[in-house]
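Asker: So for the sequence shown, the working numbering puts the first residue at 3; every next one is plus one. We put the beta carbon where it would ideally sit given N, CA and C, even for glycine. Please read through the structure below; I'll follow up with questions.
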Amino acid sequence: MTTESVALPLRLSADRARIDAELDALFAHRDMPAERLEAAMRHAVTGGKRLRPVLVYGAGRALGASDDDLDVAALAVELIHAYSLVHDDLPAMDDDDLRRGRPTVHRAFDEATAILAGDALQALAFELLADAARPRLAAMIRTLAQAAGRDGMVAGQALDIDAVGEASDVETLATVHRYKTGALIRAAVRLGALTAVDESDPRMAALDAYAAAIGLAFQIHDDVLDVTGDTFTLGKTSGADAAHDKPTYPALLGLDGARARARELLDEALAALAPLGEAGVPLAELAKYMIERDY
Ligand code: GRG
3 MTTESVALPL RLSADRARID AELDALFAHR DMPAERLEAA MRHAVTGGKR
53 LRPVLVYGAG RALGASDDDL DVAALAVELI HAYSLVHDDL PAMDDDDLRR
103 GRPTVHRAFD EATAILAGDA LQALAFELLA DAARPRLAAM IRTLAQAAGR
153 DGMVAGQALD IDAVGEASDV ETLATVHRYK TGALIRAAVR LGALTAVDES
203 DPRMAALDAY AAAIGLAFQI HDDVLDVTGD TFTLGKTSGA DAAHDKPTYP
253 ALLGLDGARA RARELLDEAL AALAPLGEAG VPLAELAKYM IERDY
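Quick look at the structure:
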């Protein structure tokens, strides 16, 4: 059976098991100088939907990369994601007590350790990429750095902080999300693709359009779940960004309007996959899952 012919739920759990095993290996059998830091880093990478690694595998396979070759990009992007959540939860940022149904890193350890664990996770992501023998390595490192930093996620976080307590509109909110969460989702897809093909491959642009659409759709659906979901099982202290006085899609568009916008973006994502033909089917299924998931 080819990977492409496996039903989505099985493929998702296989990809999640794969990245979990990769993370376990990363934290096993190492004689680390700072045990508490190491424990905090492990805590930070435990749990989660592993959406970004799943996108790395999905995009890379669609262009012919092997799972073995995709592991390093999947790991690197998940480490950046984990770092961002640790820092996002800090008292100076969202000040959250729970993440993924467990105490946040600064609650389970302490604030200084959480800051250091985030820093070390970010550095580790780039170390892993740099160590990988890959064609297009510089492009991969640049992709992740740009998505993580001042042109990406960190810029989005800064915009988000500036927006607290401010009136917002849909365009402003979309801009925040394009940087804050969209940039890393696009990077995940691009890293998978770069594992297989050159930047000049025309399917790169198709995949980027797909990633941009699902990145925003994912965020809108997350806002919808904050309103409709069981906030305890979501592992959030408050469940709603409204608790942090941040604008959300349901607040601006209404629940039905937000759902409709997510569906429009799903359609855009599916249309963008056309140049990939049959090879794009698993990515199409993944896009649907991202806005239909109930957790
Ligand atoms: C602190 C530099 C810095 C950046 C933080 C990503 C981020 C930027 C903050 C996360 C806060 C948040 C709730 C953003 C909304 C997007 C979102 C749902 C993020 C959580 O990603 P998931 O759902 O998390 O993929 P899991 O736990 O499944 O890995």
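Taking the alpha-carbon positions, what's the Ala147 to Pro105 distance?
Answerer: Locating residue 147 in the sequence shown gives position 145, where the first residue counts as 1. Locating residue 105 in the sequence shown gives position 103, where the first residue counts as 1. Distance between the alpha carbons of Ala147 and Pro105: 28 Å.
Asker: Return the first residue and the last residue of the alpha helix (DSSP H) that Glu280 is part of.
Answerer: In the sequence shown, counting from the first residue as 1, residue 280 sits at position 278. Premise fails: Glu280 is in no alpha helix (DSSP H) and is neither H nor E.
Asker: Just checking Met34 against ligand 1 - is the residue's beta carbon closer than 8 Å to any of the ligand's heavy atoms?
Answerer: Residue 34 sits at position 32 when you count from the first residue of the sequence shown. Outside the cutoff, so no.
Asker: Just to confirm, is the Cβ distance from Ile143 to Leu131 under 9 Å?
Answerer: Position 141 of the sequence shown, counted from the start, is the residue given in the question as residue 143. Position 129 of the sequence shown, counted from the start, is the residue given in the question as residue 131. Yes, the Cβ-Cβ distance between Ile143 and Leu131 is below 9 Å.
Asker: Taking buried to mean at least 16 other C-beta atoms within 10 Å of its own C-beta, is Val8 buried or exposed?
Answerer: The residue you call residue 8 lines up with position 6 of the sequence shown. The residue in question, Val8, is exposed, as its Cβ has fewer than 16 Cβ neighbours within 10 Å.
Asker: Run through the DSSP bridge pairs and tell me what Leu100 is partnered with.
Answerer: As a working mapping, residue 100 is identified with position 98 in the sequence shown. DSSP lists Pro105 as partners of Leu100.
Asker: For Ser240, which residues in the same chain have their Cβ closer than 6 Å to its Cβ, ignoring the five residues on either side in sequence?
Answerer: Start at 1 with the first residue of the sequence shown, and residue 240 comes out as number 238. Only weak support is given to the placement of Ser240: the predicted model assigns it a pLDDT of 34, under 50, and the value that follows is read from those uncertain coordinates. Counting only Cβ-Cβ distances below 6 Å, and skipping sequence neighbours, we find nothing.
Asker: DSSP three-state call for Thr239: helix, strand or coil?
Answerer: Residue mapping note: residue 239 aligns to position 237 of the sequence shown, counting from 1. Below a pLDDT of 50, predicted positions are generally treated as unreliable, and Thr239, at 35, falls in that range; the measurement from the model is reported next regardless. Note: Thr239 maps to coil in three-state DSSP.
Asker: Say whether the segment 253-260 touches the segment 274-283, bearing in mind that this needs 3 or more beta-carbon pairs closer than 8 Å, one atom from each stretch.
Answerer: The segment 253-260 is not in contact with the segment 274-283.
Asker: Terminal residues of the continuous alpha helix (DSSP H) containing Glu84?
Answerer: For the purposes of this step, residue 84 is taken as residue 82 along the sequence shown, with counting starting at 1. One point to set straight first is that residue 84 is Ala, not Glu, in the sequence displayed. Its alpha helix (DSSP H) spans residues 69-91.
Asker: On a Cα-Cα basis, can you pick out the residue from His45, Gln124, Leu77, Gly50 that is closest to Ile21?
Answerer: As a first step, residue 21 must be located in the sequence shown, where it is residue number 19. Closest by alpha carbon: Leu77.
Asker: Suppose the cutoff is 8 Å on Cβ atoms and the five residues either side in sequence are ignored; what does the same chain contact list for Phe128 look like?
Answerer: Position 126 of the sequence shown, counted from the start, is the residue given in the question as residue 128. These residues qualify, in order along the chain: Ala78, Ile143, Leu146, Ala147.
Asker: Using three-state DSSP, classify Thr4 as helix, strand or coil.
Answerer: As a first step, residue 4 must be located in the sequence shown, where it is residue number 2. Residue placement at Thr4 is flagged as unreliable, the pLDDT there being 46, under the threshold of 50; a coordinate-derived value is accordingly withheld.
Asker: Does the distance from the CB of Ala215 to the CB of Glu173 come in under 9 Å?
Answerer: As a position in the sequence shown, residue 215 is number 213, starting the count at 1. As a position in the sequence shown, residue 173 is number 171, starting the count at 1. No, the Cβ-Cβ distance between Ala215 and Glu173 is not below 9 Å.
Asker: Given Glu287, which residues of its chain have a CB within under 6 Å of its CB, disregarding the five upstream and five downstream residues?
Answerer: In the sequence shown, the residue the question calls residue 287 occupies position 285. Contacts found: Leu10.
Asker: Taking the runs of the alpha helix (DSSP H) that are 4 residues or longer, which of them lie wholly in the segment 171-249?
Answerer: Counting whole runs of 4 or more residues, the segment 171-249 contains the alpha helix (DSSP H) stretches 172-179, 185-198, 205-230.
Asker: Select from Ser15, Asp96, Asp73, Asp121 the residue whose C-alpha is nearest the C-alpha of Ala134.
Answerer: Here the question's residue 134 lines up with position 132 in the sequence shown. The candidate whose alpha carbon is nearest that of Ala134 is Asp73.
Asker: Does Val156 come out as helix, strand or coil in the three-state DSSP assignment?
Answerer: Counting from one through the sequence shown, the residue named residue 156 turns up at place 154. Helix.
Asker: Where does Glu168 fall in DSSP's three states?
Answerer: The residue you call residue 168 lines up with position 166 of the sequence shown. It is coil, neither helix nor strand.
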